[in-house]
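Data first, discussion second: the structure below is written as structure tokens.
Residue numbers (full-length UniProt numbering): 1 to 372.
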């Protein structure tokens, strides 16, 4: 049976929502070269130790071993996506995405391999997205990279050790980041209209991620080609500056942005120094996040002035969740709209768009059968 899935290939993390699941799978977009590791105590969750070998004809370096996500987070040789990377062509983005799809395939309660299968197989129709500025030139290439057969083998991963699964992506529906989130907010799970203002109105969106900030304008669920735009900056640059300042002031080095993000999300701003000393890094975080919020607000105001038909502006994405209080302080009398679970709105929208495309395809097949 083909599964429907939405996958948000974020520069900071991959979010995957499979139809019928209760919550998304989240894996940090961070890799390091894999090797035989010494295990003194096995991790209590597969997601804490994703150790994989990936075979895919779409990868530039094929059949390689990687530590993915949390396992790579502390590794000194880890790599995170940078501003020069394009997720549509990036091996790293594809590797983490395939790892997430393979993990979901092997851990799904509904997954039952048939007796005739010699190896485990999971088939998907996926919805996903790209930034505004990347979409026009790369959505076809992104679709072609995803579609096809890939194989993932889990090596030292607890509960999945030694298991392989073939991930077959039958179709990829690529849309624009932010616009998919609006589609989710405007519709019910059965795709009927839930919010007429959002579905039929002219809505501005600021979708702030790690490396890009997108400003799609959506009119009656269609992208406005003239006023939609994107900026090649995100929260990652500010996180890198926080890491540098913390190291310069306190001698404490965060091994990755992912590690710092975990601290910020949990509200834990106290770091431990050598010799049992402690330091509070919240003033450094406040400084850079306030600067980020002012820059984002300035861009929103400029967008709104250029297109006064915009009825309201939603601020979405992981960056919105991190900067919400700073943006509200900076906005003053300007009203910005936020939603809970901001960073998951896109992935929910991608799943609905995949479902919508499948329904359209089934309807077209049924219509053709009736005519014949």
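All C-beta atoms in this analysis are idealised placements derived from N, C-alpha and C, irrespective of residue type, glycine included. Predicted, not measured: the structure shown is a model, and the values here were computed from it.
Between residue i and residue j, what straight-line distance do the alpha-carbon atoms span, to the nearest angstrom?
{"i": "residue 22", "j": "residue 285", "result": "33 Å"}
{"i": "residue 76", "j": "residue 238", "result": "21 Å"}
{"i": "residue 260", "j": "residue 356", "result": "37 Å"}
{"i": "residue 202", "j": "residue 311", "result": "6 Å"}
{"i": "residue 236", "j": "residue 354", "result": "29 Å"}
{"i": "residue 299", "j": "residue 214", "result": "10 Å"}
{"i": "residue 179", "j": "residue 228", "result": "10 Å"}
{"i": "residue 293", "j": "residue 206", "result": "12 Å"}
{"i": "residue 313", "j": "residue 331", "result": "12 Å"}
{"i": "residue 48", "j": "residue 92", "result": "18 Å"}
{"i": "residue 117", "j": "residue 218", "result": "Unreliable placement is indicated for residue 117, whose pLDDT of 48 sits below 50; the coordinate value is still reported in the next sentence. Distance between the alpha carbons of residue 117 and residue 218 is about 45 Å."}
{"i": "residue 6", "j": "residue 18", "result": "6 Å"}
{"i": "residue 168", "j": "residue 349", "result": "22 Å"}
{"i": "residue 363", "j": "residue 4", "result": "17 Å"}
{"i": "residue 181", "j": "residue 347", "result": "7 Å"}
{"i": "residue 189", "j": "residue 143", "result": "24 Å"}
{"i": "residue 187", "j": "residue 198", "result": "9 Å"}
{"i": "residue 280", "j": "residue 15", "result": "31 Å"}
{"i": "residue 137", "j": "residue 54", "result": "27 Å"}
{"i": "residue 248", "j": "residue 267", "result": "22 Å"}
{"i": "residue 329", "j": "residue 322", "result": "13 Å"}
Using three-state DSSP, classify residue i as helix, strand or coil.
{"i": "residue 33", "result": "strand"}
{"i": "residue 23", "result": "coil"}
{"i": "residue 216", "result": "coil"}
{"i": "residue 53", "result": "strand"}
{"i": "residue 210", "result": "coil"}
{"i": "residue 314", "result": "strand"}
{"i": "residue 276", "result": "coil"}
{"i": "residue 88", "result": "coil"}
{"i": "residue 66", "result": "strand"}
{"i": "residue 154", "result": "strand"}
{"i": "residue 8", "result": "strand"}
{"i": "residue 283", "result": "helix"}
{"i": "residue 60", "result": "coil"}
{"i": "residue 81", "result": "coil"}
{"i": "residue 124", "result": "strand"}
{"i": "residue 221", "result": "coil"}
{"i": "residue 141", "result": "helix"}
{"i": "residue 308", "result": "coil"}
{"i": "residue 336", "result": "coil"}
{"i": "residue 347", "result": "helix"}
{"i": "residue 130", "result": "strand"}
{"i": "residue 265", "result": "helix"}
{"i": "residue 1", "result": "coil"}
{"i": "residue 147", "result": "coil"}
{"i": "residue 366", "result": "helix"}
{"i": "residue 95", "result": "helix"}
{"i": "residue 39", "result": "coil"}
{"i": "residue 114", "result": "Any reading at residue 114 needs caution, since the residue's pLDDT is 47, under 50, leaving its predicted position unreliable; the model's value is listed next. Three-state result, residue 114: coil."}
{"i": "residue 234", "result": "coil"}
{"i": "residue 244", "result": "helix"}
{"i": "residue 160", "result": "coil"}
Quick one: what's got a C-beta closer than 7 Å to residue i's C-beta in the same chain, skipping five residues either side?
{"i": "residue 139", "result": "130, 174"}
{"i": "residue 242", "result": "260, 284, 285, 288"}
{"i": "residue 338", "result": "315, 320, 324"}
{"i": "residue 211", "result": "11, 81, 83, 234, 236"}
{"i": "residue 38", "result": "none"}
{"i": "residue 13", "result": "26, 27, 28, 29"}
Would the beta-carbon of residue i fall within 8 Å of that of residue j?
{"i": "residue 100", "j": "residue 27", "result": "yes"}
{"i": "residue 103", "j": "residue 25", "result": "yes"}
{"i": "residue 132", "j": "residue 176", "result": "yes"}
{"i": "residue 67", "j": "residue 105", "result": "no"}
{"i": "residue 193", "j": "residue 87", "result": "no"}
{"i": "residue 345", "j": "residue 184", "result": "yes"}
{"i": "residue 126", "j": "residue 172", "result": "yes"}
{"i": "residue 269", "j": "residue 282", "result": "yes"}
{"i": "residue 318", "j": "residue 209", "result": "yes"}
{"i": "residue 191", "j": "residue 352", "result": "yes"}
{"i": "residue 145", "j": "residue 98", "result": "no"}
{"i": "residue 263", "j": "residue 240", "result": "no"}
{"i": "residue 58", "j": "residue 148", "result": "yes"}
{"i": "residue 250", "j": "residue 271", "result": "yes"}
{"i": "residue 220", "j": "residue 252", "result": "no"}
Between residue i and chain C, is any beta-carbon pair separated by less than 8 Å?
{"i": "residue 165", "result": "Among the protein chains of the structure shown there is no chain C, as only one such chain exists."}
Keeping to the same chain, check which residues put their C-beta closer than 6 Å to that of residue i; ignore five residues upstream and five downstream.
{"i": "residue 114", "result": "Note that residue 114 scores a pLDDT of 47, beneath 50, so its modelled location is shaky; the value from the coordinates is reported in the next line. Hits under 6 Å: none found."}
{"i": "residue 60", "result": "91"}
{"i": "residue 43", "result": "49, 158"}
{"i": "residue 79", "result": "31"}
{"i": "residue 56", "result": "150"}
{"i": "residue 326", "result": "289, 290, 293"}
Taking 8 Å as the limit between beta carbons, can you name the residues of its chain near residue i, skipping five residues before and five after?
{"i": "residue 157", "result": "46, 49, 50, 51, 52"}
{"i": "residue 255", "result": "73, 74, 75, 76, 78"}
{"i": "residue 306", "result": "227"}
Validate contact between the stretch 163-172 and the stretch 145-153 using beta carbons, cut 8 Å, 3 pairs:
Under the three-pair Cβ rule at 8 Å, the stretch 163-172 counts as touching the stretch 145-153.
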